[in-house]
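S.K.: With the sequence shown counted from 1, adding 1 to any position gets you my numbering.
Glycine included, every Cβ here is placed at the ideal spot set by N, Cα and C.
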Amino acid sequence: MKKVFNIGILFFLVFGLLLGVGPTGASALSYDGSDPVSTGCANDAVTKSYSYIGDSHDNIYGKVELKWSAKCKTSWGKIKLYHAAPYDNGAYYANAVVYSYTSSGTYRTRYTCGSNGGNGAIMKGQTSCYTAQVYNGAGYKAKAKGYINWDIASGTTGWY
């Protein structure tokens with residue numbers, strides 16, 4: 002009986018530790034392309050870097066943020082405009098993209114607000130959007146870019 006009890010405790014400790022440390026390896030990469038809100042990753046999100054979205058005439062339209070979740074070890078881009086989009090020309094007014102690279106600089110993937118997992122690009126009357134998320138734990142880095150109508154104005158965050 003004591004041997005069964007010891008095996009039970011060992012089983013509980015091993016699997017408790019595995020489940021308690023969060024996503025690792027291939028399962029962590031499964032967050033790629035997912036929605037940070039519906040996965041719960043946005044619940045502990047912090048802004049790791051941001052940049053103003055400006056044009057060549059020093060007009061500032063808003064800012065783009067690189068969001069990060071410690072719980073999920075993911076990042077995504079988010080745009081916040083200072084005023085509602087005045088038009089969308091049947092396509093969109095503004096969009097964001099999050100880029101994922103390995104720490105050594107190899108491109109991995111990217112997602113926009115319009116990708117599955119994002120909440121859609123900014124259309125007339127709207128002020129914000131967020132991208133799908135990318136895994137951004139050990140061995141990876143990410144940055145985000147926000148832009149107005151095909152780069153009339155843009156901003157790019159730093160890496161995290």
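1. Alpha carbon to alpha carbon, what distance is there between residue 122 and residue 33?
2. Just to confirm before moving on: does the CB-CB distance between residue 77 and residue 139 stay below 8 angstroms?
3. Give me, in chain order, the residues of the same chain whose beta-carbon lies closer than 6 angstroms to that of residue 15; leave out the 5 immediate sequence neighbours on both sides.
4. Tell me the DSSP bridge mates of residue 82?
5. Contact between the region 40-53 and the region 73-91 is defined here as three or more beta-carbon pairs at a separation below 8 angstroms; is this criterion met?
6. When we look at the beta-carbon of residue 63 and count the other beta-carbons within 10 Å, is it buried (16 or more) or exposed?
7. Apart from the five residues on each side of it in sequence, which residues of its chain come closer than 6 angstroms, Cβ to Cβ, to residue 23?
8. Taking the alpha-carbon positions, what's the residue 109 to residue 144 distance?
9. Alpha carbon to alpha carbon, how far is residue 150 from residue 156? Give it in angstroms, no decimals.
M.R.: Well, looking at it:
1. To locate residue 33, count along the sequence shown from 1; it is residue 32. To locate residue 122, count along the sequence shown from 1; it is residue 121. Going by the C-alpha atoms only, they are around 18 angstroms apart.
2. Indexing the sequence shown from 1 puts residue 77 at position 76. Indexing the sequence shown from 1 puts residue 139 at position 138. Taking 8 angstroms as the cut-off, the beta carbon of residue 77 is found no closer than this to the beta carbon of residue 139.
3. For the purposes of this step, residue 15 is taken as the residue at position 14 of the sequence shown. Note that residue 15 scores 39 on pLDDT, short of 50, meaning its location in the model is unreliable and no value can be drawn from it.
4. Counting from 1 along the sequence shown, the entry for residue 82 is found at position 81. Per DSSP, 63.
5. Touching, yes, given that three or more Cβ pairs across the two stretches are closer than 8 angstroms.
6. Sequence index remark: in the sequence shown, residue 63 carries index 62 (1-based). So residue 63 ends up on the buried side.
7. Along the sequence shown, one-based indexing puts residue 23 at 22. Here residue 23 scores only 44 on pLDDT, less than 50, and its place in the model should not be relied on; the value that follows carries that caveat. The answer is none, since no qualifying residue turns up.
8. As a position in the sequence shown, residue 109 is number 108, starting the count at 1. As a position in the sequence shown, residue 144 is number 143, starting the count at 1. Roughly 12 angstroms separates the two Cα atoms.
9. Walking along the sequence shown from the start, residue 156 turns up at place 155. Walking along the sequence shown from the start, residue 150 turns up at place 149. Each residue's CA atom was taken as its position, placing residue 156 and residue 150 some 13 angstroms apart.
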